[in-house]
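Accompanying notes for the structure given below.
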Amino acid sequence: MRISKRLKTIADLIEEPTLVDVGCDHALLDIYCVKEKHLTCIASDCNRNACKIACSNIQKYGLENEIQVYQTDGTKNIPMTEDSTLVISGMGTSTILHILKESKILPNQIILQSNNHLEELRRYLVQIGYYMEKEEIVKEKNIFNIILSCKKGIVSYDKLDYEIGPMIRKKRLEEKKDYLLFLIQNEKKILDSLKENQKDYSIHKQKLEQYKNELT
Ligand SMILES: C[S@@+](CC[C@H](N)C(=O)[O-])C[C@H]1O[C@@H](n2cnc3c(N)ncnc32)[C@H](O)[C@@H]1O
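If you count the sequence shown from 1, you need to add 76 to reach the working numbering.
Dropping the structure here:
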């Protein structure tokens, strides 16, 4: 079965036998994980239409016994145990934070792919006792998707780790170069839109220099 490179990368990171996929939409990740990784899945979405499409896709593959579908907000009423992998992908950080904050329990492995504010997401994860075990960069349709695989544990990070990603920083230059160039480009755009005497100017100037240093 073919799925996008982004979803395949997420699937490859899953370590536990049960996947809880919050915001499953089409449930393609779940179908792939049952077929290719022999996992059992809980697929949930708050949107009624998304759940209908998920159910119809699951039926098409005859996987009704392997994938349970819940229409709910986040993990509310979902029987998630510590030995599940929780995946929340394709959303913004504020929605991901809402889902994490409202969850009664969180499992040992959480895989997140946010479309924005990664620094804020990493800081929250560390605050609740997780560390970034792996970070993957997937470029699709000219968009960089950063996928965080997090585990329970305490690791201390510096400011640049939160901004760029501790495990991205550890990658070989060939693997992270394009992403760093993208971050540098972003900082240049922000600086172009600011005046030199504006208070954020020096912050972004410093970020630009630090990101450039990461290229060496
Ligand atoms: C862009 S889709 C991403 C689908 C899939 N996870 C992926 O990565 O391709 C986002 C999905 O998250 C769902 N969603 C948004 N907020 C949610 C919440 N609080 N609880 C459950 N699902 C949510 C939306 O209804 C939508 O189907």
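Each residue gets a CB set at the ideal place from its N, CA and C atoms; glycine is no exception.
Contact test: V214 Cβ vs ligand 1 heavy atom, cutoff 7 Å: Counting from 1 along the sequence shown, the entry for residue 214 is found at position 138. No, the Cβ of V214 stays beyond 7 Å of every heavy atom of ligand 1.
Per-residue burial, G205 [other beta carbons within 10 Å of its own, 16 or more giving buried]: On the sequence shown, residue 205 is found 129 positions in, with the first residue counted as 1. It counts as exposed.
Ligand 1 heavy atom lying under 7 Å from the CB of D101: Within the sequence shown, numbered from 1, the residue matching residue 101 stands at position 25. Yes, the beta carbon of D101 sits closer than 7 Å to at least one heavy atom of ligand 1.
I186 CB to nearest heavy atom of ligand 1 below 7 Å: Residue mapping note: residue 186 aligns to position 110 of the sequence shown, counting from 1. No - ligand 1 has no heavy atom lying nearer than 7 Å to the Cβ of I186.
Continuous alpha helix (DSSP H) assignments of at least 4 residues falling wholly in the stretch 172-256: 194-203, 235-240, 242-245
Start and end residues, alpha helix (DSSP H) containing A87: In the sequence shown, the residue the question calls residue 87 occupies position 11. Here the alpha helix (DSSP H) through A87 covers 81-89.
Buried versus exposed call for G138 [16 or more other C-beta atoms within 10 Å across all chains shown]: Position 62 of the sequence shown holds residue 138. Exposed is the call here.
Beta-carbon proximity list for E140, same chain, < 7 Å, skipping 5 on both sides: As a working mapping, residue 140 is identified with position 64 in the sequence shown. Cβ neighbours of E140 beyond the five flanking positions: I134.
Nearest-angstrom beta carbon gap, R82 and N221 [assumed within contact, 8 Å]: Counted from its first residue, the sequence shown places residue 221 at position 145. Counted from its first residue, the sequence shown places residue 82 at position 6. Confirmed, Cβ separation roughly 5 Å.
Close Cβ partners of C226 (< 8 Å) along its chain, the five nearest in sequence each way excluded: Along the sequence shown, read from residue 1 onward, the residue named residue 226 stands at position 150. Here the set comprises Q185, I186, I187, L188, L201, Y206, Y207, M208, E209.
Cut-off 6 Å between Cβ atoms - residues of its own chain near A126, not counting five sequence neighbours on either side: Mapped onto the sequence shown, residue 126 falls at position 50. Within the same chain, A126 has close Cβ partners D101.
Three-state class that DSSP yields for E148 in the structure shown: Numbered from its first residue, the sequence shown carries residue 148 at position 72. In the sequence as presented, Glu is not what sits at residue 148; that position holds Thr. Three-state DSSP puts T148 in coil, outside helix and strand.
Any non-hydrogen atom of ligand 1 within 7 Å of I175 CB: One-based indexing of the sequence shown puts residue 175 at position 99. Yes, the Cβ of I175 comes within 7 Å of a heavy atom of ligand 1.
C-beta atoms of D121 and V163 nearer than 8 Å: In the sequence shown, residue 121 corresponds to position 45, counting from 1. In the sequence shown, residue 163 corresponds to position 87, counting from 1. No, Cβ-Cβ distance for D121 and V163 is not below 8 Å.
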